[in-house]
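Q:
2 protein chains.
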Amino acid sequence: MASTLRSDESNLHDLVEHFFRASFSTDNPIITEAVRRMLAAGGKRLRPRVTLLAASSCGDDPQRHLHLAAYMELIHVATLIHDDVVDNAMTRRGVNATAVDFGNRVSVLAGDYLFAWIFKNVTANYPHPVPNILSATLADICDGEVLQLQALGNLELTLDGYVEIARKKTASLFAASAACGAIMGGGSAEQIDAMRVYGDFYGIAFQMNDDLLDMTADERSLGKPVGNDLRERKVTVPLVLALGAGNREFYEAVDRFYGGSGDAGIPGVVAAIAREGGLDSTRAEIARYAERAKAALEPLPPSAAKEEMKRLADALAAE
Amino acid sequence: MASTLRSDESNLHDLVEHFFRASFSTDNPIITEAVRRMLAAGGKRLRPRVTLLAASSCGDDPQRHLHLAAYMELIHVATLIHDDVVDNAMTRRGVNATAVDFGNRVSVLAGDYLFAWIFKNVTANYPHPVPNILSATLADICDGEVLQLQALGNLELTLDGYVEIARKKTASLFAASAACGAIMGGGSAEQIDAMRVYGDFYGIAFQMNDDLLDMTADERSLGKPVGNDLRERKVTVPLVLALGAGNREFYEAVDRFYGGSGDAGIPGVVAAIAREGGLDSTRAEIARYAERAKAALEPLPPSAAKEEMKRLADALAAE
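Sequence lines, in order, name chains W and H.
If you're matching positions, the first sequence starts at 17 in our numbering and goes up one per residue.
If you're matching positions, the second sequence starts at 17 in our numbering and goes up one per residue.
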């Protein structure tokens with residue numbers, strides 16, 4: 017590990033931020049501007065942090081892998097740019113969405129260009145299987161988003177069905193971030209697989225926590241309207257678990273709400289989900305997946321980076 | 017060359033068609049269906065034909081490269097799917113917003129998934145530099161489309177500026193189709209480069225011909241409204257060349273038309289472009305680029321495939 021690097025959260029975050037400010041540029045000025053604006057809006061940079069921590073916990077200097085880490089965040093950014101089109105969102109992370117500023121056509125092109133630019137760099141500079149993992153991950157993300165679209169308003173969605181969607185849509189990129197960090201950090205096959213599993217479980221817990229925050233956080237800290245998922249008829253984990261409690265009256269109230277004829281309103285639906293135990297059960301599921309993520313780290317030797325990866329998982333369970 | 021293959025147009029077209037019908041499937045049924053529908057709508061399959069002809073003219077059996085050829089068409093199909101994404105401003109009025117959003121969502125995700133699926137397969141099955149060429153090509157296509165958006169309504173666009181856009185947006189995929197066919201067909205470095213140059217010039221001539229047809233073909237054979245480019249305020253090559261003749265009155269008439277206050281109407285603008293020599297000059301430019309494409313083939317040994325590539329170029333000049 018580099019002597020200058022303390023693998024605490026803020027330091028890795030700053031490293032990534034500095035890298036983006038100092039080094040990010042594509043060949044197209046309009047697209048560079050659109051991406052910089054997305055980056056400037058902030059974000060926890062969790063995916064690149066996972067990449068750097070994975071490389072570090074395999075014994076390598078994380079600073080050598082800043083480009084790779086940045087590509088993980090940029091894949092995420094490109095999907096957000098495209099989400100602005102698909103969701104017709106008015107704001108993303110509190111700033112004007114690319115789609116709103118530039119129009120859907122430019123959002124589609126900016127996202128496409130960013131994907132292509134990432135793959136161009138990754139295929140030029142990284143050995144097999146890194147480019148293959150990243151393209152397979154993007155396929156998984158899209159597949160998961162299509163499954164999510166198909167599941168809109170589907171009150172029969174099971175926890176397994178929910179986890180399949182979360183795994184593809186969200187956890188796949190965390191798994192790839194961790195696995196590629198371990199690959200490029202010189203990890204053994206066992207360590208690489210351990211990292212992939214960590215990312216998978218961490219990502220599922222992360223998505224569950226995101227679902228929970230949509231119902232419990234205040235709008236200011238969330239940076240988007242509370243209850244947005246319900247408004248979009250998404251079937252998120254608190255709802256799945258609340259419905260799983262089997263109260264027929266609750267089912268029918270949600271059914272009316274999603275059918276547009278309910279009288280509960282979003283705060284009413286959230287209160288009902290809480291009454292059915294949906295929020296508490298979600299916290300328990302998050303804790304379960306966070307524990308599985310931590311347990312996956314077992315094949316790695318003791319290190320500050322490994323401890324930090326445990327703390328990241330614990331932080332989700334503590335929300 | 018396979019004894020079963022006659023490298024005439026219809027045979028290669030049929031080979032590709034049969035391959036798509038028999039073999040195309042992704043892991044996502046919705047996306048497979050969307051892509052199959054696009055494929056069933058027809059198309060000349062020129063990009064895969066160029067790939068197969070390039071492999072063949074380097075002495076290899078084109079049937080060994082059907083997958084690679086198919087990926088070239090599928091990149092084109094994915095860009096067409098994304099082209100379907102429309103700006104809210106253009107479609108809100110009089111259309112059910114949910115239907116529009118759902119259309120956009122599926123278009124964005126289906127195109128993204130298709131790009132990712134192609135790259136997943138290509139990174140798994142093709143050696144460097146094929147995956148890199150394909151991702152760089154996609155970046156070029158997007159870059160060209162952004163440049164084209166920026167050039168909408170720009171009556172100062174020069175022929176050089178136009179060619180730069182056409183080269184990125186259209187010719188890059190023909191160049192990649194030809195170069196990758198030559199690479200996988202075992203061509204020499206000189207032959208691979210010759211193919212890339214052929215594809216580049218062929219693609220520019222192809223785009224110019226596409227522009228010409230938008231003004232001269234009848235709606236039935238074109239499959240879309242005649243004068244569509246003018247309606248979208250695109251500055252295509254017949255207009256660039258007509259403006260280049262320097263008639264101030266013509267410039268002002270087009271300026272009024274693009275400003276929305278003209279009284280010419282599309283047939284009137286097309287007639288004026290013809291009067292200024294824009295159509296004839298375009299035919300001359302197409303012939304010039306077709307000749308350059310044919311000249312690029314010089315390093316290749318005589319073969320039926322090489323002759324067919326010349327015929328493809330001549331066909332553009334003969335429209």
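We put the beta carbon where it would ideally sit given N, CA and C, even for glycine.
(1) Contact between the stretch 145 to 160 of chain W and the stretch 118 to 125 of chain W: three or more CB pairs below 8 Å?
(2) Out of H/Glu265, H/Ala187, H/Ala57 and H/Ala221, state which residue places its alpha-carbon closest to the alpha-carbon of H/Gly160.
(3) My understanding is that H/His98 touches W/Asp227, with C-beta atoms under 8 Å, so please give their C-beta distance in whole angstroms.
(4) Could you tell me which whole beta strand (DSSP E) segments of length 3 or greater appear in the stretch 131 to 209 of chain W?
(5) Closest Cβ-Cβ distance between W/Tyr129 and chain H: below 7 Å?
(6) If you reduce the DSSP assignment to three classes, tell me which class W/Arg249 lands in.
(7) Leaving out five residues on either side along the sequence, give the residues of the same chain with a beta carbon under 6 Å from the beta carbon of H/Gly169.
(8) Exposed or buried, H/His34, counting other C-beta atoms within 10 Å across all chains shown (16 or more means buried)?
(9) Helix, strand or coil: which one does DSSP assign to H/Lys326?
(10) Can H/Ala191 and H/Phe131 be called in contact, C-beta distance under 7 Å?
(11) Name, please, each residue of chain W whose Cβ falls closer than 7 Å to the Cβ of H/Pro147.
(12) Are any of the Cβ atoms in chain W nearer than 7 Å to that of H/Ser151?
(13) Below 7 Å on C-beta distance, what does H/Asn44 contact in chain W?
(14) Do you know how far the Cα of H/Val286 is from the Cα of H/Met231?
(15) Taking the alpha carbon of H/Thr298 as the point to measure from, which residue in H/Val179, H/Ala309 and H/Cys74 has its own alpha carbon closest?
(16) For H/Arg308 versus H/Phe217, is the C-beta distance shorter than 7 Å?
(17) Can you tell me whether H/Leu90 is buried or exposed? The criterion is at least 16 other CB atoms within 10 Å of its CB, across all chains shown.
(18) When the Cα atoms are used, what is the spatial distance from H/Asp176 to W/Ile302?
(19) Flag W/Ala167 as yes if its beta-carbon sits less than 7 Å from any beta-carbon of chain H, otherwise no.
(20) Excluding the 5 residues flanking W/Arg212 on each side, which residues of the same chain have their C-beta closer than 7 Å to its C-beta?
(21) With distances taken Cα to Cα, identify the nearest neighbour of H/Cys15 among H/Glu172, H/Gly293 and H/Pro318.
(22) Taking buried to mean at least 16 other C-beta atoms within 10 Å of its own C-beta, is W/Asn137 buried or exposed?
(23) Please check the pair W/Pro78 and W/Leu68, which I expect to be a contact at CB under 8 Å, by giving their CB distance rounded to whole angstroms.
(24) Report the CB separation of H/Ala221 from H/Ala329 in whole angstroms; it is logged as a contact under 8 Å.
(25) Run down chain W in chain order and give the residues with a C-beta less than 7 Å from the C-beta of H/Lys310.
(26) Can you list, in chain order, the residues of its chain whose CB lies under 6 Å from that of W/Val253, leaving out five sequence neighbours each side?
(27) Using 10 angstroms around the beta-carbon of W/Lys60, count the other beta-carbons present and answer buried if the total reaches 16, otherwise exposed.
(28) Is there at least one Cβ from chain W nearer than 7 Å to H/Ala155's Cβ?
(29) Just tell me which of W/Ala152, W/Thr139, W/Lys310 and W/Pro45 has its CA closest to the CA of W/Glu324.
(30) For a contact meaning CB atoms closer than 8 Å, what does W/His92 contact in chain H?
(31) To which residues of the same chain is W/Ala258 closer than 6 Å at the C-beta, ignoring the five residues directly before and after it?
(32) The alpha helix (DSSP H) with H/Ser73 in it runs from where to where?
(33) Distance, Cα to Cα, W/Leu229 vs H/His144?
(34) Can you find a CB in chain W that lies within less than 7 Å of the CB of H/Asn120?
(35) W/Thr298 by DSSP, collapsed to three states: which one?
A: Straight from the coordinates:
(1) no
(2) H/Ala187
(3) Rounded, the Cβ-Cβ distance is 29 Å, inconsistent with contact.
(4) none
(5) yes
(6) coil
(7) Arg249 and Tyr274
(8) exposed
(9) helix
(10) no
(11) Thr139 and Pro147
(12) yes
(13) Asp159 and Val162
(14) 6 Å
(15) H/Val179
(16) yes
(17) buried
(18) 58 Å
(19) no
(20) Ala191, Ala194 and Ala195
(21) The requested residue 15 of chain H does not occur in the structure, where chain H is confined to residues 17 to 335.
(22) buried
(23) 4 Å
(24) 7 Å
(25) Under the 7 Å cutoff, chain W gives no residues; its nearest Cβ is about 30 Å from H/Lys310.
(26) Tyr178, Met224, Asp227 and Thr298
(27) exposed
(28) yes
(29) W/Lys310
(30) Chain H residues near W/His92: none, gap ~13 Å exceeds 8 Å.
(31) Ile289, Glu292 and Gly294
(32) Leu62 to Ser73
(33) 44 Å
(34) yes
(35) helix
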